[in-house]
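K.L.:
Residue numbers (our numbering): 1 to 392. All residues carry an ideal CB built from backbone N, CA and C; glycine is no exception. Pasting in a structure now, in structure tokens, and then I'll have a few things to ask.
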Amino acid sequence: MRIALVGTRGVPARYGGFETCVEEVGSRLAARGHDVVVYCRNQQPGEPIRKEYLGMRLVHLPAPRKRALETVGHAGLSVGHILSHRVDAAILFNAANSPWLPFLRAANIPVATHVDGLEWQRARWGKLGRKYYRAAEALSVRLSDALIADAVGIQDYYRSEFGADTSLLTYGAPILEHGRSDRIKSLGLSPRGYHLVVARFLPENHVHIIVEGYTHSRARLPLIVVGSHPYAEEYTGTLHALGDERVQFIGGVWDQELLDELYANALVYWHGHSVGGTNPSLLRAMGAGAATNAFDVGFNREVLGDAGEYFSTVEDVSVLTEKAERCSSGLVSRGAAAGRRAKLYSWDDIAEGYEQLCRDIITGILHRQRGKGRRHFKDTAPSYGLLQDQGL
């Protein structure tokens, strides 16, 4: 099959869940003999432009450097390219890109939309942005041959809101089999000698709760904060203001071996994500055998189960921080339990699911199962991914 993967920043994966999914699934589909083309945003000046990566063909196109237009603008150019370079099936990532679905349908190109999490609940979007995402969800239901959800909570949302079925295709967990720690020494860190946060700096990832709760505790070990965001200067300033001398903001870490070591050797990994469905950072920490404290929402409990502990408030973080340092022996068994759960999330199985889904939409099996895109309960959607916006 000729399969196009559209709507992300592309590969190599350096940014988020969609990109990780494209790299892991796309490379496996290519290894199975399929012709996979990935649409990528133009790289930074000076970076070499690849035409191929892990068996996938890459097409680089420009994107507007503005938050509200970057994703949709690039997806539009990508769809335009697809119309003149036909494929058998397209996977469109992000429901925000659904305004381009009519063009794919007019060209009779089967398409499945990966709807991601509940984007309209993200604090970064104003009233107009949230309305757009709500409308884009409805359009995805109406015009996609199939919908992909990465969590049961997302499936429940689309069933409750639209009466629409989705295919559950989660993310996979990379499993680390080694116990190396030489790379973290360059940061002055030692095994089990630090707390860790890895997240984009967005309010719904609750880094502010983690940092503030940590600084209110009597923790002796440092808190290492990995992350940034190009459009979040004010929030980034808030985070730095909440920290003290024990908090180390080290920015983005693109060295994947170093990032793996940071997960594997942390005393505790703190996961604050709340609205994105199954999260690759959480799975990566679990696959590294990290004891994990996660923000208390259904998405995180679905993945981590009883292998983790949960927080919702600054006070919760303070209590759990001190508990981790006081009772560190129990963290080893928690990390082992997380590692066992991580093995349930196999990229090989997920890639096989994508392969079958593409066959189904090409043959038309799923074509008539689309929903009507009408909400059952207008403007009263339940909060499957609880967003707590503390006025930031």
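1. State buried or exposed for Cys358, treating a residue as buried only when at least 16 other CB atoms are found within 10 Å of its CB.
2. Measuring CA to CA, which of Leu344, Tyr171 and Lys66 is closest to Asp116?
3. Within its chain, find whatever has a CB closer than 8 Å to the CB of Val6; leave out the 5 residues flanking it on each side and keep chain order.
4. When we look at the beta-carbon of Gln155 and count the other beta-carbons within 10 Å, is it buried (16 or more) or exposed?
5. Rounding to the nearest angstrom, what Cα-Cα distance links Leu101 and Leu143 in this structure?
6. Along the chain, where does the alpha helix (DSSP H) containing His240 start, and where does it finish?
7. Suppose you measure from the CA of Ile260 to the CA of Leu176; what does that come to, to the nearest Å?
8. Taking the alpha carbon of Asp244 as the point to measure from, which residue in Ala30, Leu267, Glu212 and Ala232 has its own alpha carbon closest?
9. What residue ranges within the stretch 27-83 form continuous beta strand (DSSP E) runs of no fewer than 3 residues, ordered along the chain?
10. Smallest Cα separation from Asp324: which of Ala266, Gly73, Leu168 and Ile250?
11. Tell me the residue span of the beta strand (DSSP E) that contains Asn94.
12. Less than 8 Å separating the beta-carbons of Leu69 and Gly10?
13. Around the C-beta of Trp270, are 16 or more other C-beta atoms found within 10 angstroms, so that it is buried, or is it exposed?
14. Determine, using beta carbons only, whether Asp88 and Ile3 come nearer to each other than 8 Å.
15. Give the single residue among Asp35, Leu61 and Thr313 whose Cα lies nearest to the Cα of Val207.
16. What does the Cβ neighbour count give for Cys21, buried or exposed, with the cut at 16 atoms within 10 Å?
17. With DSSP collapsed to three states, give me the class of Leu258.
18. Can you list, in chain order, the stretches of the alpha helix (DSSP H) that have 4 or more residues and sit fully within the stretch 297-375?
19. Give me whichever residues DSSP pairs with Thr292 in a beta bridge.
20. Got a sec, what are the start and stop residues for the alpha helix (DSSP H) Ile154 sits in?
21. Hey, how far is the Cα of Arg159 from the Cα of Arg326?
22. What's the gap between the Cα of Gln388 and the Cα of Glu315?
23. Just checking Glu355 against the ligand SAM - is the residue's beta carbon closer than 7 Å to any of the ligand's heavy atoms?
24. So what does His114 bridge to, in DSSP terms?
25. State the Cα-Cα distance for the pair Ile362 and Arg183, rounded to the nearest angstrom.
26. Pull up the DSSP beta-bridge partners for Ile3, would you.
27. Helix, strand or coil for His195, going by three-state DSSP, please let me know.
28. I'd like to know whether the C-beta atoms of Tyr194 and Val247 end up nearer to each other than 8 Å.
29. Helix, strand or coil for Ile175? Go by DSSP, reduced to three states.
30. Who does Val275 pair with in a DSSP beta bridge?
31. For Thr20, which of helix, strand or coil comes out of DSSP?
32. Under 8 Å between the Cβ atoms of Val198 and Gly163?
33. Taking buried to mean at least 16 other C-beta atoms within 10 Å of its own C-beta, is Val72 buried or exposed?
34. If we ignore side chains and look at the alpha-carbon of each, how far apart do Glu257 and His178 end up?
P.N.:
In this structure, then:
1. Translated into positions along the sequence shown, residue 358 becomes position 358. With a threshold of 16 other beta carbon atoms within 10 Å, Cys358 meets it and is buried.
2. Here residue 116 is taken as the residue at index 116 of the sequence shown, counted from 1. The shortest C-alpha separation from Asp116 is found at Tyr171.
3. What you label residue 6 is simply residue 6 of the sequence shown in a count that begins at 1. Sequence-distant partners of Val6 (beyond 5 residues in either direction) whose C-beta falls short of 8 Å from its own C-beta, in its chain, are Tyr39, Ala75, Ser78, Val79, Ile82, Ala90, Ile91, Leu92, Phe93 and Asn97.
4. Against the sequence shown, residue 155 aligns to sequence position 155. Buried, because 16 or more other Cβ atoms sit within 10 Å of the Cβ of Gln155.
5. Sequence index remark: in the sequence shown, residue 101 carries index 101 (1-based). Sequence index remark: in the sequence shown, residue 143 carries index 143 (1-based). A straight line joining the alpha-carbon of Leu101 with that of Leu143 spans about 6 Å.
6. Stepping through the sequence shown from its first residue, residue 240 is reached at position 240. Taken as a continuous stretch (DSSP letters only), the alpha helix (DSSP H) holding His240 covers Glu233 to Leu242.
7. Sequence index remark: in the sequence shown, residue 260 carries index 260 (1-based). Sequence index remark: in the sequence shown, residue 176 carries index 176 (1-based). Just to set this straight, residue 260 is Asp in the shown sequence, not Ile. Rounded to the nearest whole angstrom, the CA to CA distance from Asp260 to Leu176 is 8 Å.
8. As a position in the sequence shown, residue 244 is number 244, starting the count at 1. Cα-wise, what sits closest to Asp244 is Glu212.
9. List check, beta strand (DSSP E) in window: 35-41 and 56-61.
10. Indexing the sequence shown from 1 puts residue 324 at position 324. The identity of residue 324 in the sequence shown is Ala, whereas the question assumes Asp. Considering only alpha carbons, the answer is Ala266.
11. As a first step, residue 94 must be located in the sequence shown, where it is residue number 94. Segment: none, Asn94 is in no beta strand (DSSP E) and carries neither H nor E.
12. Stepping through the sequence shown from its first residue, residue 69 is reached at position 69. Stepping through the sequence shown from its first residue, residue 10 is reached at position 10. Not in contact: Leu69 and Gly10 (Cβ atoms no closer than 8 Å).
13. The residue labelled residue 270 in the question sits at position 270 within the sequence shown. Under this definition Trp270 is a buried residue.
14. For this step, residue 88 is matched to residue 88 along the sequence shown. For this step, residue 3 is matched to residue 3 along the sequence shown. Yes, Cβ-Cβ distance for Asp88 and Ile3 is below 8 Å.
15. Numbered from its first residue, the sequence shown carries residue 207 at position 207. Nearest of Asp35, Leu61 and Thr313 to Val207, Cα basis: Thr313.
16. Taking the sequence shown and counting its residues from 1, one reaches residue 21 at position 21. Per the 10 Å Cβ criterion, buried.
17. For the purposes of this step, residue 258 is taken as residue 258 along the sequence shown, with counting starting at 1. Three-state result, Leu258: helix.
18. If only complete runs of 4 or more residues are kept, the stretch 297-375 shows the alpha helix (DSSP H) at 298-304, 314-326, 329-342 and 347-363, in order along the chain.
19. Here residue 292 corresponds to residue number 292 of the sequence shown, with the count starting at 1. DSSP, once it has assigned bridges, lists Tyr269 as partnering Thr292.
20. Residue 154 sits at position 154 when you count from the first residue of the sequence shown. Val152 to Phe162 is the extent of the alpha helix (DSSP H) around Ile154.
21. Here residue 159 corresponds to residue number 159 of the sequence shown, with the count starting at 1. Here residue 326 corresponds to residue number 326 of the sequence shown, with the count starting at 1. Going from the Cα of Arg159 to the Cα of Arg326 covers about 44 Å.
22. For this step, residue 388 is matched to residue 388 along the sequence shown. For this step, residue 315 is matched to residue 315 along the sequence shown. Per-residue confidence for Gln388 stands at a pLDDT of 31, beneath the threshold of 50, marking its modelled position as unreliable; the derived number appears in the next sentence. Approximately 15 Å between the Cα atoms of the pair.
23. Absent from the structure shown: the ligand SAM. Ligands present: none.
24. Here residue 114 refers to the residue found at position 114 when the sequence shown is read from its first residue. As a beta-bridge residue in DSSP terms, His114 pairs with Phe93 and Ile148.
25. Counting from 1 along the sequence shown, the entry for residue 362 is found at position 362. Counting from 1 along the sequence shown, the entry for residue 183 is found at position 183. Spanning the two alpha carbons is a distance of roughly 46 Å.
26. As a working note, residue 3 is residue 3 in the sequence shown. Beta-bridge pairing links Ile3 to Val36 and Ala89.
27. In the sequence shown, the residue the question calls residue 195 occupies position 195. His195: strand per DSSP, three-state reduction.
28. Taking the sequence shown and counting its residues from 1, the one referred to as residue 194 is at position 194. Taking the sequence shown and counting its residues from 1, the one referred to as residue 247 is at position 247. No, the pair does not count as a contact, with Cβ atoms beyond the cut-off.
29. By 1-based counting over the sequence shown, the position of residue 175 is 175. Coil, per DSSP.
30. Counted from its first residue, the sequence shown places residue 275 at position 275. Its beta-bridge partners do not exist; DSSP assigns none.
31. Against the sequence shown, residue 20 aligns to sequence position 20. The answer is helix: DSSP assigns Thr20 an H, G or I state.
32. Numbered from its first residue, the sequence shown carries residue 198 at position 198. Numbered from its first residue, the sequence shown carries residue 163 at position 163. Not a contact, by the Cβ cut-off of 8 Å.
33. Indexing the sequence shown from 1 puts residue 72 at position 72. Under this definition Val72 is a buried residue.
34. For the purposes of this step, residue 257 is taken as the residue at position 257 of the sequence shown. For the purposes of this step, residue 178 is taken as the residue at position 178 of the sequence shown. Roughly 11 Å separates the two Cα atoms.
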